[in-house]
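With the sequence shown counted from 1, adding 826 to any position gets you the numbering used here.
Take a look at the structure below.
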Amino acid sequence: MTEESATALLRESLLEIQRLRAALAAAEARASEAIAVVGMACRVPGGVVDPEGYWALLDAGRDVIGPAPRRWGPLSESLAGRGVGALAEVDGFDAEHFGITPKEAVVMDPQQRLALELTWEALERAGIAPTSLERSATGVYLGAGNSSYLGTEDIRASADGQALVGASPSVIAGRVAYLLGLQGPAITLDTACSSSLVAVHLACKALREHECELALAGGVQVMGDAAALAAFERLRVSAADGRCKPFAAAADGAGWSEGAGVLVLRRQTDAQRDGDRVLALIRGTAVNHDGRSGGLTVPSGPAQKQVLRQAHRVGHTAPADVDYLECHGTGTRLGDPIEVQALAAVYGSQRPSTQPLLLGALKTNIGHLESAAGLAGVAKLLAAFLHRQLPPSIHTRPANPLLDWEQLPVSVVETLTPWGPRPERPRRAGVSAFGLSGTNAHAILEEAPPPSATPLPRRQPTPALPFILSARNDAALSELAQRLRQQLLHSPPASLADLADALLHSREQFPRRLCLVADSVDALTHTLANTNDASVSAFTNPRVAVMFTGQGAQRVAMGRELAVANPAFARALDDIAAHFAPLLEHPLRDVIFAEPGSSLIDQTAYTQPALFAIELALYGALQSIGLQPDFLLGHSIGELVAAHVAGVFSLSDACKLVAARGRLMQELPAGGTMLSVQAGEADTLAALAEHPLLDIAALNGPLSTVVSGPADAIAALQRQLESSGLKTRRLVVSHAFHSRLMEPMLEPFRAVLESLDFSPPKIPIVSNVTGRLAEPDAITSVDYWLEHVRRPVRFLDDVRTLEELGVQVLLELGPHTVLAPMASACLRQDTCAIVGSLHRDIPEPTAFARCLGTLHCLGVPLDWHAFLAPFEPRPLPLPSYPFQRQRYWLDIDASPLQQSVPAADQQLLSTIEDGDPDRLISLLGLDDQLADSVRLALPALSTWRRQQRKLGTIDSWANVLRWRPMSLAQPSAPISSSLLL
């Protein structure tokens, strides 16, 4: 090998080493990347339905353990006095919202229902519209146990397939993924008390390994009946009063509760890139098992130490840098000392004696949530990070004498304690969950990174904006409006644009919609208090037609307010005015934005260019945010706007044509006028038989016709019609448009037309001349536009043509709403919504915002990101969706089986079902020998009785009498008189 080749080989080797080191560093970074919590929803006992209520409970140091829920029915004497942490309204569910039939809902495990609700709420709180994740690589990891809602496998086997699926815990994560269309991993797991924290661990790993791009992690626990309580009673692990008392001498077992929670997780880099609101970071997690310890259900101190250390290795954190530890803390005599000693061993070393590890246990407040316990601990830490306080644990005194508290480097938080800052590091905390199965989990959490020190740019003031609320039905919509109103009263947003953007992009857009327009928080709050009967139903992919207003809608300063508020409109108007500059004596902007009293705007030579400019600029503003009409219609001069929009004329040619049209009409002799008649075309033509100098100029409705011609002839017609009882109205115009008095301008107008280039329309236009869809060859001809000047505007026929074409939304673009009421009178059926843009009596930004919001409410797609971008909206939390729950619960007391049993026997059957041997022995009056036999047989008898009662309920669903009227067809032949019965 030569020296040169050896040098080259060495260089290549060094480069490869550098590449491998970089790859290894990247892999290590991925393996330990922090996971951001960007959303959270929860339910805990005490009527708590959201994180805010959860913190209020913890902050106050409340004890929410109470009587068993009535839905469990009668309890045995041994259980009747025991406290329970029950969820409120767990028997209710909004089946319609999730597209689930009532029959399926009633046999769904309430844990599935809770998982659906909390997933929806957590995503909303993360600023994510739930169905926007359809077909995404989103993972679902949920811990859940058996709720015993439908009893044993025998009952489920006897029921239909829906009951089988509904009762299976394995379906919970799959149900969430199915209904939202998620295509990442979907895993339901059961490791008993550590289930939800194990779910968080698996979700974090999946995110780091890119198995999913977003993860939903949590747990649910509902007790369908008292069976679990009875089982724990037999295991002798239950507290006598149903309360967990960790760290205390009075600890005598766990108190059992229901609860649920779901987190929305993303990789920290992704969350920060997308501007997500980060609640906290998960730095490290770990899971292990006790192995062969003192017993399957006996905690293992060495295994707990191992899982704590492993979580720190994953997160590259030091135990001494953790301020607080949320303990598993069930309150058992055996488990608590083992846990505290393990914590002290891992977290106590290298910790200053003045900074002991602070301990707490939420189970003292809400009981043991079993499968959801670990998630509840995480939720507590998220709230503590937010409020920078550590809530108290209760029932902790006197302290457990089995622990030498004076020598341990730990301290239990027993009062609301400020969580002071650490200048050298962020606040950190750990949370543990140890399963009855021996599966242990631990997680290290860190407060969210502080906001960027770079000052945010000052944002421009917002004009009036549309605020869109939507729901499945009006009841939910009304409740949502009131929730939003309360939020605005207590926590107004920094910018209205933040609120408008959040309502559109972080919430699902349901079919039932409501548009509110406001330019201040106070105005919006007032409007939200009165939203009755203002909602509309969105069409699905509606066909949209745009109507451009004709002459007569002009006004001084039209568009001036909107030009200030809407940059897209202002840019479009400036461009159009620049094209008119060489064609008009006065600058068009000066004419349009003149002070009140200016008369130029009412001179036809300027009226027509001004209307063209305003209407085309309105269209440009809408086109910039995605409006794509299916059809176009213009009234007189408005059809020239439609022709340019459709591509028949270029902007230069269109401006040349409009300027010439207005100028040539202005140059015609005065003396003509127009009359609006409350009559149809046929009656008007009959009246014109005596007035040969008059022409029909426009057919604006079934009983709205405009006549045009010399002023004296118009006066004579008006006297004739009014004497016969018809209403008329003289129009304020400079000339008799669309009449024979226009003919002198046609030849010079032809010359202008012949100098233009025509192209076939790209969007279909409904013709004023024919009242039907314009033929491409016709509308691109000179003769068509000459006829357009001379012939009547067949607006009535135009609108009905659009109706026949299936148009569902008619949008009028112009300085005032003129065509909308006319079009409404033309429609034969109430199947088309009509929307205006500007109105002379409403501030233009308000009117335009209402136009956009109404279009959205009707289902017309618009690019709201583009519309709101100039206002730089920032994320904003919103109230969650108000589910409209109905009761779906197997009402055992209403079972036909039970109702058919005599009262005397019912007492016996109820006692058997309760599983109380002493009460049954007393009821039957048995001696000691028979009593022992009853004690042995009672568990099987109790299970059988519960199965039979639930089967009776399920069977009753299949036997419902429904009477339906039937019509009998007339027999084609006489019925035979011979009948066989």
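Just so you know, even glycine gets a beta-carbon here, dropped at the ideal spot from N, CA and C.
Where A1259 and D885 are concerned, what is the direct C-alpha to C-alpha distance, given to the nearest angstrom?
22 Å
For M1491, the first and last residue of its enclosing alpha helix (DSSP H)
L1477 to Q1492
Helix, strand or coil at E1152 [DSSP, three-state]:
strand
Please report the distance separating the alpha-carbon of A1562 from that of Q1504.
19 Å
With distance defined between alpha-carbon atoms, name the residue in E1507, P1518 and P928 nearest to L1525.
E1507
In three-state terms, what does DSSP make of D1016?
coil
Cβ neighbours of T833 in the same chain (closer than 6 Å, five flanking residues each side left out)
none
Would you mind giving the Cβ-Cβ distance between T1606 and V1343, rounded to the nearest angstrom? I have them listed as a contact below 8 Å.
Their Cβ separation, rounded to whole angstroms, is 40 Å, which puts T1606 and V1343 out of contact at 8 Å.
Counting pairs of beta carbons, one from the region 1530-1550 and one from the region 1453-1469, are three or more of them closer than 8 Å?
no
Indicate the three-state DSSP secondary structure (helix, strand or coil) for R1248 in the structure shown.
strand
So the candidates are V1417, L1303 and F1584; which of them puts its Cα closest to the Cα of D1363?
Note that residue 1363 is Ser in the sequence shown, not Asp. It is L1303 whose Cα lies nearest to the Cα of S1363.
C-beta contact flag for G1081 and G1186 at 8 Å:
no
Spell out a yes or no on whether the region 1068-1079 and the region 1215-1229 are touching, meaning 3 or more CB-CB pairs, one atom from each, closer than 8 Å.
yes
Let's see if you can read the secondary structure: which residues bound the alpha helix (DSSP H) around L1028?
S1021 to R1034
Taking the alpha carbon of Q1655 as the reference point, which residue from R1666, E1638 and R1626 has its own alpha carbon closest?
R1626
Return the first residue and the last residue of the alpha helix (DSSP H) that M1571 is part of.
Unbroken run through M1571: none, as it is neither H nor E.
Residues near G1120 in its chain [Cβ-Cβ closer than 6 Å; skip 5 each side]:
none
Closer than 7 Å: L1303 CB and nearest the ligand ADP heavy atom:
As presented, the structure is devoid of all ligands, the ligand ADP included, so that no description of it is given.
Between the CA atoms of T1433 and L1582 - distance to the nearest angstrom
22 Å
CB-CB under 6 Å to A860, same chain, minus the five flanking residues each way: which ones, in chain order?
Q1094, L1107 and R1109
In this structure, what does DSSP give as the bridge partners for S1237?
L1184
Rounded to a whole number of angstroms, what is the C-alpha to C-alpha distance between A894 and D935?
19 Å
Minimum C-alpha distance to P1275 - residue among H1665, V1026 and V863
V863
In chain order, what residues of the same chain have a beta carbon less than 8 Å from the beta carbon of L1764, not counting five sequence neighbours either side?
I1738, G1741, P1743 and L1746
Can you tell me which residues form a DSSP beta bridge with Y967?
I1013 and A1043
Proximity winner among Q1233, H1221 and R1556, relative to V1239 (alpha-carbon distances):
H1221
Residue of A1472, D1102, S1083 and S831 minimising C-alpha distance to K1189
S1083
Secondary structure at P1128, three-state DSSP: helix, strand or coil?
helix
Thinking just about the alpha-carbon of each residue, which of P1218, A1267 and R1214 is nearest to the one in P1252?
R1214
Give every residue of the same chain whose Cβ lies closer than 7 Å to the Cβ of Y1173, excluding the five residues on either side of it in the sequence, and list them in chain order.
P1145, V1148, L1151 and L1183
Backbone CA spacing between F1365 and R1099 [nearest angstrom]
35 Å
Can the beta-carbon of S1332 be found closer than 8 Å to that of A1692?
no
Option nearest K1031 by Cα separation, candidates S1650, V1140, A1171 and L1750:
V1140
Using only CA atoms, which one of A1097, R1489 and I1192 lies nearest to G865?
A1097
Pair every Cβ in the region 1477-1494 with every Cβ in the region 1594-1608, then say whether three or more of these pairs are closer than 8 Å.
no
For V1166, the first and last residue of its enclosing beta strand (DSSP E)
No beta strand (DSSP E) contains V1166, which is instead part of the alpha helix (DSSP H) from G1161 to Y1173.
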